[in-house]
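To keep things clear, I will list the structure first and then write my remarks on it.
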Amino acid sequence: MEFFKKLLGSSQAGTPDTPSDSDQEGMTPAEQARQVALEASGERLDRHWQGIGAVERDVLTFLISPSFTGGPYWPSTRQSYRVVRRDGSIILATDGLCYPFDDGDEPVNGFELELFIDTPDIPEHAQGAPGDVDPLRNSWAYEVLKSVADTVADAGGITTQLERYGALSLELPGVSQSNCVGSQVPPAFITEDDCVGILLGGPAPDFATRLEDMPLSPVTLVPVVLITAAELDYIRSGGQAARQDLLQRLQSAGIGHRSLLTRPSVV
856 MEFFKKLLGS SQAGTPDTPS DSDQEGMTPA EQARQVALEA SGERLDRHWQ
906 GIGAVERDVL TFLISPSFTG GPYWPSTRQS YRVVRRDGSI ILATDGLCYP
956 FDDGDEPVNG FELELFIDTP DIPEHAQGAP GDVDPLRNSW AYEVLKSVAD
1006 TVADAGGITT QLERYGALSL ELPGVSQSNC VGSQVPPAFI TEDDCVGILL
1056 GGPAPDFATR LEDMPLSPVT LVPVVLITAA ELDYIRSGGQ AARQDLLQRL
1106 QSAGIGHRSL LTRPSVV
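All letters in the sequence shown, in the order written, are residues 856 to 1122 by my numbering.
Rendered as structure tokens:
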């Protein structure tokens, strides 16, 4: 997958853009209902993340939505990334994959998922002080999460696959051409053919990931876990059985859902 730069801005978490009164007057009842569901979705996500860590008020976002410039199509034009600071780690999470579709009549919360990566290993210069999220755009974790989110959006979501297989694996090629991954991720995580490997959907984290009370339909928070080159090769050769075994090994080793750059391989 190609890594590339985008112009970024910031906005407040849990506050999708609200139309003015004059704009709302021109909305159809369906559009008004969609806007209400959009705002309620953001507020529900915000409450959930607040129970997990310190949620930054600002989110990483784009000055111009990528959906307007040929980028991947998310359910709504809001394509953002939340920052949740925990004791000893930082969570970066997508914010928009589960928002109601801008142009659809189906009463569902978008792709019915959001992605997140939980890691203690973001370089100090890219962590940002509390209240400052901008440096995180220069981290390997943001670059990986954005690439995975683009892939999931291009696929139209992955809830069906997750329900069938329990967890998925993904390869992100072109590490040597990346902005941050190649320089921040240790060689043990990069394959000979210039890829990094990802587990999607497991191991399970230490907090709830199923939000049954979203406005339109349940939403799952899906962990994105960076795996070593040896672990990716293990999955390449062993398929689904190897992937399930790797999940168990990561859990048994106490690594779980966290992306740890200093850990040894478990295979």
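Each residue gets a CB set at the ideal place from its N, CA and C atoms; glycine is no exception.
Assigned exposure category for residue i - 16 Cβ within 10 Å defines buried
i, result
"D891", "Checking the sequence shown, residue 891 turns out to be Val, not Asp. Under this definition V891 is an exposed residue."
"H1112", "buried"
"S877", "Low local confidence applies: a pLDDT of 47 at S877 is under 50, so the model's placement there is unreliable, with the coordinate-based value given in what follows. Under this definition S877 is an exposed residue."
"S1114", "buried"
"E967", "buried"
"R937", "buried"
"A1008", "buried"
"E1086", "buried"
Close beta carbons around residue i, own chain, < 6 Å, minus the five adjacent residues each side
i, result
"G1057", "A1022 and L1102"
"P884", "none"
"I977", "I945, S994 and A996"
"Q1132", "Any question about residue 1132 goes unanswered here, given that the chain covers just 856 to 1122."
Residues of its chain near residue i, where Cβ-Cβ distance is below 8 Å and the 5 sequence neighbours each way are ignored
i, result
"G1093", "D1100"
Supposed close pair residue i, residue j - CB separation, criterion 8 Å
i, j, result
"P1078", "F971", "6 Å"
"P1070", "A909", "Actually they are not in contact, since the Cβ atoms of P1070 and A909 sit about 25 Å apart, beyond 8 Å."
"D1049", "S1031", "5 Å"
Sequence-distant residues of the same chain with beta carbon closer than 7 Å to residue i, five excluded per side
i, result
"D1005", "P927"
"S981", "The sequence given here has Ala at residue 981, not Ser. Hits under 7 Å: P990, L991, N993 and S994."
"P1041", "L1116"
Touching by the beta-carbon criterion (3+ pairs, under 8 Å), the stretch 944-957 and the stretch 1035-1054: no
Whole runs of the beta strand (DSSP E) within the stretch 950-975, excluding any shorter than 3 residues: 968-974
Segment contact, 8 Å Cβ cut-off, at least three pairs: the stretch 1014-1021 with the stretch 969-984: no
Validate contact between the stretch 980-998 and the stretch 1029-1043 using beta carbons, cut 8 Å, 3 pairs: yes
Completely contained beta strand (DSSP E) runs for the stretch 1005-1092, where each covers 3 or more residues: 1023-1028, 1050-1055 and 1074-1082
Continuous beta strand (DSSP E) assignments of at least 3 residues falling wholly in the stretch 879-951: 913-917, 935-941 and 944-950
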